[in-house]
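Data block below; observations after.
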Amino acid sequence: KAGVTQTPRYLIKTRGQQVTLSCSPISGHRSVSWYQQTPGQGLQFLFEYFSETQRNKGNFPGRFSGRQFSNSRSEMNVSTLELGDSALYLCASSPRTGTNTEAFFGQGTRLTVV
Amino acid sequence: DAKTTQPPSMDCAEGRAANLPCNHSTISGNEYVYWYRQIHSQGPQYIIHGLKNNETNEMASLIITEDRKSSTLILPHATLRDTAVYYCIVRVGSGNTGKLIFGQGTTLQVKP
């Protein structure tokens, strides 16, 4: 079974631009979550989607948004990029939602804002 | 804020058991304890999770105290490839949501 696929793996953007990251979950998984990892803040929860609905959102500004499609694939968008948005963005998929379900992470998208 | 506390670093000799402790004194009744590890800047790898009973799988064992305020991850025979940052996490949520709250983790160095 294929794992979680994130595209692109690496991205360089300029301040003020916007970016869209993509995540394809494991086949059959319906829950997708996004996390941001930086050296200073560590791994932080961004949002969680299940059945095309946002179930939970972390403490990030409105510039960060996401969505989930009917095939469970998910995208996240960051608008008006800032230097501090440089990070590893990780997507995790789970077969279901709730607190008793494993989450499997992709390899991440490394975003650099210059 | 993270609901777990872990030592920042630990060493272990290759072939010996690695015992990684974690405190989660504010854990709630329906919150599960998860362990992940991360090697370099790869995505975190799921290891094991549990609620109150001890759990074992092909990678590790998870021992949770009766009061659920702490737990220990045991890697029975550590190898050099087990060198990584290990995160003890409480999965917070309910029946229809569950987010992982990561702390700073423990850097485990397995030495020859």
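These protein sequences, in sequence, are chains A and B.
Quick note on this note's numbering: the first sequence kicks off at 1 and runs consecutively.
Quick note on this note's numbering: the second sequence kicks off at 1001 and runs consecutively.
By construction, the Cβ of each residue, glycine as well, lies at the ideal position given by its N, Cα and C atoms.
For Leu46 of chain A, the enclosing beta strand (DSSP E) starts and ends at Gly42 to Phe50.
Annotation for Leu90 of chain A: the continuous beta strand (DSSP E) segment containing it runs Ala87 to Ser94. Interface residue (Cβ-Cβ distance to chain B less than 8 Å): Asn56 of chain A is classified as such. For the segment 1091-1110 of chain B, the beta-carbon criterion of a distance under 9 Å to any beta-carbon of chain A is satisfied by Arg1091, Val1092, Gly1093, Ser1094, Gly1095, Asn1096, Thr1097, Gly1098, Lys1099, Leu1100, Ile1101, Phe1102, Gly1103, Gln1104 and Gly1105. Distance between Asn1053 of chain B and Met1010 of chain B, taken at the CA atoms: about 25 Å. The Cβ of Asn1030 of chain B sits closer than 8 Å to at least one Cβ of chain A. Here Ala1013 of chain B is bridged, per DSSP, to B:Lys1111.
The residue from A:Ser86, A:Ala87, A:Glu102 and A:Asp85 with its alpha-carbon nearest to that of Ser93 of chain A is A:Glu102. The beta carbon of Asn59 of chain A does not come within 8 Å of any beta carbon belonging to chain B, so the residue lies off that interface.
No Cβ of chain A is located within less than 8 Å of the beta carbon of Pro1007 of chain B.
By the Cβ rule, the segment 69-86 of chain A does not count as touching the segment 1079-1087 of chain B, because fewer than three pairs are nearer than 8 Å. Between Gly106 of chain A and Gly1043 of chain B, the beta carbon gap of about 5 Å places them in contact (Cβ cut-off 8 Å). Residue nearest to Gln6 of chain A within the set A:Gly108, A:Ile12 and A:Thr112 is A:Gly108 (criterion: CA-CA distance). Annotation for Asn56 of chain A: Phe47 and Glu48 place their beta carbon closer than 7 Å to its own, counting only its chain and skipping 5 residues before and after. In the displayed model, Leu1080 of chain B falls within a helix according to three-state DSSP.
For Gly84 of chain A, the secondary structure class from DSSP, reduced to helix, strand or coil, is helix. Excluding its 5 nearest sequence neighbours in each direction, Gln37 of chain A has C-beta neighbours in its own chain below 8 Å: Leu43, Gln44, Ala87, Leu88, Tyr89, Leu90 and Gly108, listed in chain order. Under the 8 Å Cβ criterion, the segment 1095-1111 of chain B counts as touching the segment 1015-1030 of chain B, having at least three qualifying pairs. Exclusion of the five residues before and after Asp1067 of chain B leaves no residue of its chain whose Cβ lies closer than 6 Å to its Cβ.
Of the candidates B:Ser1028, B:Val1085 and B:Lys1003, the residue whose Cα lies closest to the Cα of Ile1047 of chain B is B:Val1085.
Excluding residues up to 5 positions away in sequence, Ala1084 lie with their Cβ nearer than 7 Å to the Cβ of Ile1039 of chain B in the same chain. The beta carbons of Tyr1087 of chain B and Gly1105 of chain B sit closer together than 8 Å.
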